[in-house]
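> One structure follows; several queries about it will come next.
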């Protein structure tokens with residue numbers, strides 16, 4: 005009896021596998037929930053980590069700069085800022101797509117984004133943004149209150165950056181101020197305050213760095229949108245402003261090293 009049952013069960017599994025093997029691929033359709041999750045994933049640009057690194061690297065520079073001489077950067081802070089960079093970069097992309105929905109539909113490169121294509125609507129994006137900012141707030145509250153205040157202040161350029169693409173040819177400056185805000189935040193998270201003579205040269209250098217690479221990137225959508233940028237205003241002399249910003253970048257880094265060297269020398273003299 006048991007042999008007959010096992011044979012029947014084996015035959016049933018064989019027929020099931022045979023049916024699945026020859027089932028047409030078009031008949032297997034992903035569920036609505038999987039489509040929704042994929043759209044949220046694309047809205048947050050989680051599969052494209054370049055922007056996260058561009059937000060995270062300035063934080064690591066200032067955390068390393070704030071570390072005591074001869075000590076490694078705080079690994080706990082590096083981890084916190086890493087998670088915060090992932091969340092805030094995705095939140096920034098959500099805000100940007102909410103502002104630029106009309107323009108994204110006009111560009112081949114962006115017309116398939118979730119909001120532009122209609123895969124997500126505005127209330128869904130707003131709900132997703134609320135979840136992103138709530139998770140970011142949990143991380144921010146692990147820092148001191150000086151840093152918490154700086155974190156709240158960073159939302160001003162984050163929210164307003166997309167608007168500057170409509171009214172000025174200089175949105176890269178606002179983008180640079182936004183992406184490199186972590187320089188102030190990282191330094192204050194370690195020391196409880198910002199030393200402006202130390203942080204300002206690094207911040208200026210990082211802003212110039214952002215202006216340079218984003219101007220080059222803007223050439224991918226030159227004249228194809230209704231937004232403004234340096235690549236349109238200065239398209240015929242694009243190498244000139246780029247070289248100027250690179251020069252300021254190098255000068256700021258040199259000034260930064262000079263200030264840091266003097267700071268270390270003063271510490272050694274006072275401790276002697």
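Residue numbers (this note's numbering): 5 to 276. Using N, Cα and C, we set each Cβ at its ideal position, and we do this for glycine too.
(1) Kindly confirm or deny that the segment 196-205 and the segment 124-134 touch, where touching means at least three C-beta pairs closer than 8 Å.
(2) So for residue 218, helix, strand or coil by DSSP?
(3) Out of 194, 56, 39, which one is the CA nearest neighbour of residue 86?
(4) Is there a C-beta anywhere in chain D that falls below 8 Å from the one on residue 216?
(5) Starting from residue 107, trace the alpha helix (DSSP H) both ways and give me its first and last residue.
(6) Do you know offhand how far residue 280's Cα is from residue 63's?
(7) Have a look at 107, 103, 143 and flag the residue whose alpha-carbon is nearest the alpha-carbon of residue 338.
(8) With 16 as the cutoff for other CB atoms within 10 Å, does residue 44 come out buried or exposed?
(9) Which first and last residues belong to the alpha helix (DSSP H) in which residue 74 is found?
(10) For residue 138, count the other beta carbons within 10 Å of its own beta carbon; 16 or more makes it buried, fewer makes it exposed. Which is it?
(11) DSSP three-state call for residue 199: helix, strand or coil?
(12) Are the beta-carbon atoms of residue 109 and residue 120 separated by less than 8 Å?
(13) Output needed for residue 97: all residues of its chain with C-beta closer than 8 Å, excluding positions within five of it in sequence on either side, in chain order.
(14) What separation, rounded to the nearest whole angstrom, lies between the Cα atoms of residue 157 and residue 42?
(15) How do the segment 69-89 and the segment 208-218 stand: do at least 3 beta-carbon pairs fall below 8 Å, yes or no?
(16) Pick from 185, 190, 166, 218: whose alpha carbon is nearest that of residue 99?
(17) Distance check for residue 67 and residue 77, CA to CA, integer angstroms please.
(18) Just the C-alpha distance for residue 90 and residue 161, rounded to the nearest angstrom, thanks.
(19) With a floor of 4 residues, list each alpha helix (DSSP H) that falls wholly inside the segment 151-212, ordered by position along the chain.
(20) Helix, strand or coil: which one does DSSP assign to residue 2?
(21) Cα separation between residue 30 and residue 105?
(22) Between which two residues does the alpha helix (DSSP H) carrying residue 50 extend?
(23) Considering only C-alpha positions, which residue in the set 203, 190, 222, 74 is nearest to residue 173?
On the basis of the data shown:
(1) The way I'd put it, the segment 196-205 doesn't touch the segment 124-134; fewer than three beta-carbon pairs between them come closer than 8 Å.
(2) Against the chain shown, residue 218 aligns to sequence position 214. For residue 218, the secondary structure class from DSSP, reduced to helix, strand or coil, is helix.
(3) Locating residue 86 in the chain shown gives position 82, counting from the first residue. Closest by alpha carbon: 56.
(4) Protein chains in the displayed structure number just one, and chain D is not present.
(5) The residue labelled residue 107 in the question sits at position 103 within the chain shown. According to the DSSP assignment, residue 107 belongs to the alpha helix (DSSP H) that extends over 105-108.
(6) Examination of residue 280 is not possible in this model, given that the chain is present from 5 through 276 alone.
(7) This structure leaves residue 338 out entirely; the chain is present only between 5 and 276.
(8) For the purposes of this step, residue 44 is taken as residue 40 along the chain shown, with counting starting at 1. Residue burial annotation: residue 44 is buried, with at least 16 other C-beta atoms found within 10 angstroms of its C-beta.
(9) Position 70 of the chain shown holds residue 74. Per DSSP, residue 74 lies in no alpha helix (DSSP H) segment and is marked neither H nor E.
(10) As a first step, residue 138 is located in the chain shown; it is residue number 134 there, counting from the start. With fewer than 16 other Cβ atoms within 10 Å, it is exposed.
(11) Here residue 199 is taken as the residue at index 195 of the chain shown, counted from 1. It is coil, neither helix nor strand.
(12) Working through the chain shown from its first residue, we reach residue 109 at position 105. Working through the chain shown from its first residue, we reach residue 120 at position 116. With contacts defined by Cβ atoms closer than 8 Å, residue 109 and residue 120 form a contacting pair.
(13) One-based indexing of the chain shown puts residue 97 at position 93. Excluding residues within five positions, the ones whose Cβ falls inside 8 Å are 47, 48, 49, 55.
(14) For this step, residue 157 is matched to residue 153 along the chain shown. For this step, residue 42 is matched to residue 38 along the chain shown. The alpha-carbon atoms of residue 157 and residue 42 are separated by roughly 31 Å.
(15) No, the segment 69-89 does not touch the segment 208-218.
(16) Numbered from its first residue, the chain shown carries residue 99 at position 95. The residue from 185, 190, 166, 218 with its alpha-carbon nearest to that of residue 99 is 166.
(17) Position 73 of the chain shown holds residue 77. Position 63 of the chain shown holds residue 67. Linking residue 77 to residue 67 through their CA atoms gives a straight-line distance of about 6 Å.
(18) Numbered from 1 along the chain shown, position 86 holds the residue referred to as residue 90. Numbered from 1 along the chain shown, position 157 holds the residue referred to as residue 161. If you take the alpha carbons of residue 90 and residue 161, they lie about 18 Å apart.
(19) Taken in chain order, the complete alpha helix (DSSP H) segments of 4 or more residues contained in the segment 151-212 are 159-171, 175-183, 186-195.
(20) Not covered by the structure: residue 2. The range shown for the chain is 5 to 276.
(21) Position 26 of the chain shown, counted from the first residue, corresponds to residue 30. Position 101 of the chain shown, counted from the first residue, corresponds to residue 105. With a pLDDT of only 45 at residue 30, under the threshold of 50, the placement of this residue in the model should not be trusted, and no figure is reported.
(22) The residue you call residue 50 lines up with position 46 of the chain shown. It is not in any alpha helix (DSSP H) - residue 50 carries neither H nor E in the DSSP assignment.
(23) Taking the chain shown and counting its residues from 1, the one referred to as residue 173 is at position 169. Measuring from the Cα of residue 173, the nearest candidate turns out to be 222.
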